[in-house]
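Numbering (my numbering), first residue to last: 280 to 607. Backbone N, C-alpha and C fix where the C-beta goes; we use that ideal spot for every residue, glycine too. So the structure is just underneath, and the comments pick up after that.
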Ligand SMILES: [Zn+2]
């Protein structure tokens with residue numbers, strides 16, 4: 280690990296309060312993002328963001344809290360890995376082959392154990408389009424049972440977006456899982472059991488979480504957003520139901536798909552508040568006979584003060600909620 284990673288490790292000390300930790304991490308990410316435009320040579324420096332040990336044997340690369348861009352190299356999601364006594368499970372590979380390669384370098388920097396499992400938490404391009412960097416013939420590639428269909432439907436479109444960012448990303452492609460999870464699946468990495476859970480439609484229709492029994496860490500991926508506005512691409516009502524069951528009492532630490540790490544409770548409550556406000560607002564609009572444009576105008580500021588990237592995604596969330604709730 281380089282010096283920056285070591286500093287970040289220090290900042291992520293578990294002795295800090297979750298809020299203080301989040302604030303420091305976000306400040307750190309902001310500083311990293313701010314230097315990128317200064318030097319074209321740093322164009323893809325975001326693909327080299329540090330991997331931080333957030334719990335014993337669990338490493339996370341925090342994505343920057345920005346929209347996808349050439350400057351950030353698509354490194355906007357939290358990705359990482361868990362090390363067992365025998366082998367390593369990688370959880371999400373990022374948006375590009377380069378990010379997948381960065382995961383492999385980060386693994387090699389801290390252990391000589393092989394990667395035995397490559398886990399995709401869901402179809403979105405910022406999470407699982409670095410899979411091409413891995414030799415999927417020598418490991419088990421896992422995803423939700425609905426992931427292969429979602430990749431077939433969305434993959435070509437997502438690839439166009441990635442390839443348009445930079446010619447450097449031309450070799451990025453998408454790789455469907457070789458094994459899918461119907462309900463739950465427990466994996467032994469060697470004295471370390473991790474449990475995969477496939478959820479009903481929520482953030483997407485193919486959300487998968489990972490729970491590490493040793494540290495009681497839940498890798499919630501995009502079922503939980505911290506600071507950045509949650510994006511609705513599955514089912515609003517389904518997501519609200521999933522949130523009721525997502526963080527069980529035995530969970531000590533939660534890794535969200537975006538943002539800082541904490542025990543997850545406050546993050547979940549804030550997200551639930553936003554999604555419930557959308558649900559209630561859209562239901563009222565439907566009761567009042569409003570069409571989508573009128574509903575968008577009425578709800579244009581719902582939650583605005585609470586979230587990063589609000590304008591980029593809030594309108595789409597409203598439209599998605601409207602099309603779901605109008606059939607109630
Ligand atoms: Zn997502």
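For residue 552, name the three-state secondary structure that DSSP assigns. Within the chain shown, the letter at position 273 stands for residue 552. In the displayed model, residue 552 falls within a helix according to three-state DSSP.
Quick one: what's got a C-beta closer than 7 Å to residue 312's C-beta in the same chain, skipping five residues either side? Along the chain shown, read from residue 1 onward, the residue named residue 312 stands at position 33. Because the pLDDT of residue 312 is 37, which lies under 50, any placement of that residue in the model is unreliable, and the number read from its coordinates should be weighed accordingly. Here the set comprises 343, 345, 351.
For the segment 386-438, list the beta strand (DSSP E) runs that are entirely contained and at least 3 residues long, ordered along the chain. Here the runs fully enclosed are 394-398, 419-423.
Under the criterion of a Cβ to heavy atom distance below 7 Å, does residue 401 qualify as lining ligand 1? Here residue 401 refers to the residue found at position 122 when the chain shown is read from its first residue. Yes, the Cβ of residue 401 comes within 7 Å of a heavy atom of ligand 1.
Which residues does DSSP pair with residue 498 in a beta bridge? Here residue 498 is taken as the residue at index 219 of the chain shown, counted from 1. Paired residue(s): 489, 534.
Specify the secondary structure class of residue 574 as computed by DSSP and reduced to three states. Walking along the chain shown from the start, residue 574 turns up at place 295. Correct three-state label for residue 574: helix.
Note the first and the last residue of the continuous beta strand (DSSP E) segment covering residue 367. Taking the chain shown and counting its residues from 1, one reaches residue 367 at position 88. Here the beta strand (DSSP E) through residue 367 covers 367-370.
The alpha helix (DSSP H) that contains residue 474, what's its start and end? Locating residue 474 in the chain shown gives position 195, where the first residue counts as 1. Counting along the chain, residue 474 falls outside any alpha helix (DSSP H), though it belongs to the beta strand (DSSP E) covering 472-477.
According to DSSP, what are the bridge partners of residue 359? Residue mapping note: residue 359 aligns to position 80 of the chain shown, counting from 1. Residue 359 is bridged to 339, 370.
Tell me whether residue 341 counts as near ligand 1, meaning its Cβ is closer than 7 Å to at least one heavy atom of that ligand. By one-based count along the chain shown, residue 341 stands at place 62. Residue 341: no, Cβ never under 7 Å from ligand 1.
Whose CA, out of 547, 505, 510, 514, lies closest to the CA of residue 525? Position 246 of the chain shown holds residue 525. Answer by Cα proximity: 547.
Across the segment 499-514 and the segment 523-539, are there enough close Cβ pairs to call them in contact, namely three or more that are closer than 8 Å? Output reads yes: the segment 523-539 touches the segment 499-514.
Nearest to residue 616 by alpha carbon, out of 397, 573, 476? There is simply no residue 616 to check, as the chain begins at 280 and stops at 607 in what is shown.
Cβ neighbours of residue 452 in the same chain (closer than 7 Å, five flanking residues each side left out): Along the chain shown, one-based indexing puts residue 452 at 173. Cβ neighbours of residue 452 beyond the five flanking positions: 411, 438.
How is the beta strand (DSSP E) around residue 458 delimited, first residue to last? Taking the first residue of the chain shown as position 1, residue 458 is located at position 179. Unbroken beta strand (DSSP E) run through residue 458: 458-460.
Note down the Cα distance separating residue 500 from residue 487, rounded to an integer number of angstroms. Indexing the chain shown from 1 puts residue 500 at position 221. Indexing the chain shown from 1 puts residue 487 at position 208. Their backbone Cα atoms lie some 8 Å apart in a straight line.
Ligand 1 heavy atom lying under 7 Å from the CB of residue 434: The residue labelled residue 434 in the question sits at position 155 within the chain shown. It does not: the Cβ of residue 434 is nowhere closer than 7 Å to a heavy atom of ligand 1.
Are residue 359 and residue 378 touching if we call contact CB-CB under 8 Å? Here the question's residue 359 lines up with position 80 in the chain shown. Here the question's residue 378 lines up with position 99 in the chain shown. No, they are not a contact pair.
Please report the distance separating the alpha-carbon of residue 292 from that of residue 382. Counted from its first residue, the chain shown places residue 292 at position 13. Counted from its first residue, the chain shown places residue 382 at position 103. Because residue 292 carries a pLDDT of 32, less than 50, the predicted location of this residue cannot be relied on, and no value is offered for it.
Restricting to Cα atoms, I'd like to know which of 604, 370, 442 is closest to residue 557. Residue 557 sits at position 278 when you count from the first residue of the chain shown. If we check each option's Cα against that of residue 557, 604 comes out closest.
With DSSP as the reference, identify every bridge partner of residue 443, one or two as the case may be. Within the chain shown, the letter at position 164 stands for residue 443. Paired residues: none, contrary to the question.
Could you compute how far the alpha carbon of residue 576 sits from the alpha carbon of residue 602? Position 297 of the chain shown, counting from 1, holds the residue named residue 576. Position 323 of the chain shown, counting from 1, holds the residue named residue 602. Each residue's Cα considered, the two are about 16 Å apart.
Proximity test, residue 501 beta-carbon vs ligand 1 heavy atom, cut-off 7 Å: Taking the first residue of the chain shown as position 1, residue 501 is located at position 222. Yes; taking the cut-off as 7 Å, the Cβ of residue 501 has a heavy atom of ligand 1 nearer than that.
Per DSSP, residue 541 forms a beta bridge with which residues? Working through the chain shown from its first residue, we reach residue 541 at position 262. Per DSSP, 533.
In this structure, does DSSP put residue 519 in helix, strand or coil? As a first step, residue 519 is located in the chain shown; it is residue number 240 there, counting from the start. Helix at residue 519.
Residue(s) in a DSSP beta bridge with residue 466: The residue labelled residue 466 in the question sits at position 187 within the chain shown. Looking at the DSSP assignment, residue 466 forms a beta bridge with 473.
Simplified DSSP state of residue 454, which is helix, strand or coil: For the purposes of this step, residue 454 is identified with residue 175 of the chain shown, where counting begins at 1. Residue state, collapsed to three classes: coil.
Quick one: is residue 356 buried, meaning 16 or more other Cβ sit within 10 Å of its Cβ, or exposed? For the purposes of this step, residue 356 is identified with residue 77 of the chain shown, where counting begins at 1. When all chains shown are included, residue 356 counts as buried.
Alpha-carbon to alpha-carbon, residue 398 and residue 458: As a position in the chain shown, residue 458 is number 179, starting the count at 1. As a position in the chain shown, residue 398 is number 119, starting the count at 1. For residue 458 and residue 398, the distance between alpha carbons rounds to 10 Å.
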